[in-house]
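Position one of the sequence shown corresponds to residue 928 (the numbering used here), numbered consecutively onward. Glycine included, each C-beta is placed from N, C-alpha and C at the ideal position. Note that the coordinates shown come from a computational prediction; the quantities given were computed from them, not determined experimentally. Following: one structure in structure tokens, then a few remarks.
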Amino acid sequence: MTNNWKGINEEWSCARPALRRGLLWWFFALSLLLPGSVALAQEKVAPENQDAASETGAPVDAGADAVSPAVAMEGSNRDLLMFWEEKELYVQTATRTAKPISQVAENMEVITAKDIEDMNAHTVDEVLSKVPGVFVDFETNDFNSGGQLHIQGSASRHVTVLVDGVVWNFVSDGHAETCSIPVGIIDRIEIIKGPASSTWGSGLGGVINIITKNAGDSTIPKGMAFASYGQANSRDFNAQLFGKAGGVGYFLYAGRLASDGLANHRNSTSDSVYGKFTVSPLHDMDVTFTVGYSTSDLGAGAQHNPSPVGTLDTDGGINLTAFHATGALDYRFSPKFTLKAEMNTLRYDFKAETDFTSPNDILGVSSGDIFNKATIRDRATSGNLRLVYTGDIQTAVAGFEASDGSETNDILMPWRKRTSDVSAGGTRWALFSNDTVTLGNFAITPGIRFDHDSVSGNYVSPSLGTTYQFSEHSIARVSIAKGFTRPTFAMTSGGGVFWLANPGLTAEQGWSYQGGVESSVLERVNLKGTLFRHDIDKAISDDPDRTTGKYINVGKIVRQGYEVSAESAPLYNTSLKLSNSYVHISPDAPFRTINNYSYQVGVKYDDRKAWLGQLTGTYLKWDLADGVGRDGYFVWDANLNRRFSLGNDRSAELFFNVHNIFAAPYTTLVSQVNPGRWVEGGVKLRF
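Structural data, given as structure tokens:
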């Protein structure tokens, strides 16, 4: 381990200018926020005899437009309490069982259903693009777009996406398409930045666990209907219904996303249905079943690509269908022991076709001829068994899981006279265990996991993390973990048109080190800072080797950087959020050194009764090669929501969104240019 850190001062020297800029930005953010905190502390001496007025929010002895300090203080105290309650969540992704987030040593971010509803988001990638340290490479940058996910400079195959613990990544190439997950079913998203291999196995970049909403427990059904309409006939219609019928709790969802395309023939249609059902055959036993189906038709957009044989004009689209089903059992056979069991299946069908839109005499093709046609079928079935012990000072988990996956890949490129028909598959199993022990203000979490892969071998992933709570709202976190990402079936057993299979390819492995502090300032500003370093050995090339035509293990990559953020508690119903992330990627040949930056700025007004307004800005700098993409722009979005009470637990909400206010022409690695400014509006009905 000493050797891993031997060159850290030298490697950080090239990152110091960015680090200084980040720290200056951090202190600037703090200087903006602290005056509000000091002012509020001074307001605490105001009289507290305005109880009646504070209940109604009416001004007292101050004229029609004024609000007394005591009234403002009472409302502000309520906001402050809610602010810290949201910071004290119980989360489950770090150790596969619920524990307070204050005991999580990993760098974790949580997005709640309310956060998603407040931004009127349509897709999971749209939500993730607002998270510090998470880079979303939108493939078409349109209303309903697929995307590649990156965390702290990782490749997309390094990010493991889960839905209630079910791995959502393609068996074939390792990336995850979240367009098959409707945001209306989400209760919260828990994100671990950095490897969590001791808990989840393959995933050097991080884990994104999408946790779905619970079934209802009321005999009177409740629900929500959502409808929006915007430019280019872009629309989102969905409905949720939840309750309990007899002894069966249920949550039901159906929705459609569709658009004519905001630019460049990028039309899309996505339909989704989902159901969750729970029963309790015994007092100490809960059984849950889920089933979901989605289908997406996404226009890939018109392409005009220069080449040695002239410009290739193409257009096309993809169709992706996903079916998943799960069964889960929780049996509390004693006050301290719980047995958890799960079985699930996930089936993807992916079809893509791109056609020429103009003739090319050199290639001998006409308009309408096939440029590329692909069909991929992914199948994965898995299950796990876990024993959870919850004692006075510890929470321990021990478990076993296994999976079987397969893929078939058919590719046709007639103009190059190439075809491919490849099938691959394999089995995997793992043993894992972790324990969270609380000793006073310390929480210590050791963990270990053994993975066996029938294709790529065995892996051992240890981890150790600790947290120290040095005040009510101040926590220090340190973690060290070994992680890995197994090579995909496409790399080891696939091949065909674009590359040759390399069965000798080994997993990318490495150690990760992270440390950070989260603390409040006068209980009004939450500050968070994290330093990280990921040392990755046996890195796999981004593209097939030109000599062998295979993906190969090429060397070492070090990803290191920082994340800082500041979030204020509401003051006069208004809060501010600022964040900055920086990643320095210094690889061995044949890669190049890369620096990635992101900034997020958000201002939010929410009186929790009638009005909600937000303005958010996101800046990404990918350090792209010359001629690839256009980054380095702030993309600004705004939304305004107006709530109405309809009585009897019913309400309505009207909203209006403006996207890309200043028409930033942002593109990234594989994406097409952002659409310009576009607007939409809609309504939510709750009953």
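Taking the C-alpha atoms as reference points, what is the distance between V1090 and A1279?
-> Computed Cα separation, rounded: 25 angstroms.
Would you call K1041 buried or exposed, if buried means 16 or more other Cβ atoms sit within 10 Å of its Cβ?
-> exposed
Please list, in chain order, all residues of the same chain as I1371 whose beta carbon is under 6 angstroms from its beta carbon, the five residues on each side excluded.
-> V1364 and T1393
Which residue spans inside the region 1001-1089 form an unbroken beta strand (DSSP E) run of at least 3?
-> 1034-1039, 1061-1065 and 1074-1078
Provide the residue span of the alpha helix (DSSP H) that contains S1125, from first to last.
-> S1124 to W1127
Count the CB pairs spanning the region 1047-1055 and the region 1477-1495 that are closer than 8 angstroms, and state whether there are at least three.
-> no
Entirely within the region 1128-1207 and at least 3 residues each: give me those beta strand (DSSP E) ranges in chain order.
-> 1133-1139, 1149-1157, 1161-1172 and 1175-1186
Taking the beta strand (DSSP E) that V1316 falls in, what are its first and last residues?
-> For clarity, residue 1316 is Tyr in the given sequence; the question names Val instead. Start and end: I1297 to T1317.
Look at D1276 and R1304 and say whether their C-beta atoms are less than 7 angstroms apart.
-> yes
Selected residue, minimal CA-CA separation from A1154, among I1147, S1506, G1143 and G1182 | Just measuring C-alpha positions, the residue of I1147, S1506, G1143 and G1182 sitting nearest A1154 is G1182.
Rounded to whole angstroms, what's the CA-CA distance from K908 to D1470? Just pull it up for me.
-> The structure shown does not extend to residue 908, since the chain is modelled only from 928 to 1614, so the question has no answer here.
Own chain residues within Cβ distance below 7 angstroms of L1312, not counting five before or after = A1268, G1326 and F1327
Chain-order list of residues whose beta-carbon lies under 6 angstroms from that of Y1546 (same chain, five-residue window excluded) = Y1526 and F1561
List the DSSP bridge partners of F1283.
-> T1241
Since N1566 and Q1541 are thought to touch, with beta carbons under 8 angstroms apart, how far apart are those beta carbons, to the nearest angstrom?
-> 5 angstroms
So what does DSSP say about W1563, is it helix, strand or coil?
-> Strand, per DSSP.
When the Cα of N1047 is compared with those of G1111, H1077 and A1025, which residue comes out closest?
-> G1111
Hey, how far is the Cα of S1234 from the Cα of L1290?
-> Whole-angstrom Cα-Cα distance: 11 angstroms.
For V1600, which of helix, strand or coil comes out of DSSP?
-> The answer is coil: DSSP assigns V1600 none of H, G, I, E or B.
Three-state secondary structure (DSSP) at G1326?
-> If DSSP states are grouped into helix, strand and coil, G1326 belongs with the strands.
Would a check of beta-carbon distances place D1296 closer than 7 angstroms to chain D?
-> Structure shown: chain D not included; a single protein chain is present.
When the Cα atoms are used, what is the spatial distance from A1552 to H1400?
-> 43 angstroms
Would you give the residue range spanned by the beta strand (DSSP E) that D1362 belongs to?
-> R1345 to L1366
Can you give the Cα-Cα distance for S1513 and N1271, rounded to whole angstroms?
-> 39 angstroms
Taking the DSSP output, what are the residues bridged to E1490?
-> T1457 and S1508
Under the rule that 16 or more other beta-carbon atoms within 10 Å means buried, what is H1085, buried or exposed?
-> The residue in question, H1085, is buried, as its Cβ has 16 or more Cβ neighbours within 10 Å.
As assigned by DSSP and simplified to three states, the class of P1471 = coil
Alpha carbon of A993 to alpha carbon of G1080, nearest angstrom | Interpretation of A993 is limited by its pLDDT of 37, a score under 50 that renders its predicted location unreliable; the figure taken from the coordinates is listed afterwards. So the two alpha carbons sit approximately 49 angstroms from each other.
Enumerate in chain order the residues of its own chain whose CB-to-CB distance from A1249 is below 6 angstroms, with the five nearest sequence positions on each side excluded.
-> S1107, S1221 and Y1275
Proximity winner among A1496, V1448 and R1604, relative to Y1532 (alpha-carbon distances) = A1496
Count the other CB atoms, across all protein chains shown, that sit within 10 Å of the CB of V1606; report buried if there are 16 or more and exposed otherwise.
-> exposed
Take G1150 and list the residues in its own chain whose beta-carbon comes closer than 7 angstroms to its own, dropping the five residues that flank it on each side.
-> A1166, Q1167, L1168, F1169 and F1614
Per-residue DSSP class, three states only, for P1341 | helix
Using a threshold of 6 angstroms, is the CB atom of V1218 nearer than that to any non-hydrogen atom of the ligand MN?
-> The model on display carries no ligand, and the ligand MN is accordingly not part of it.
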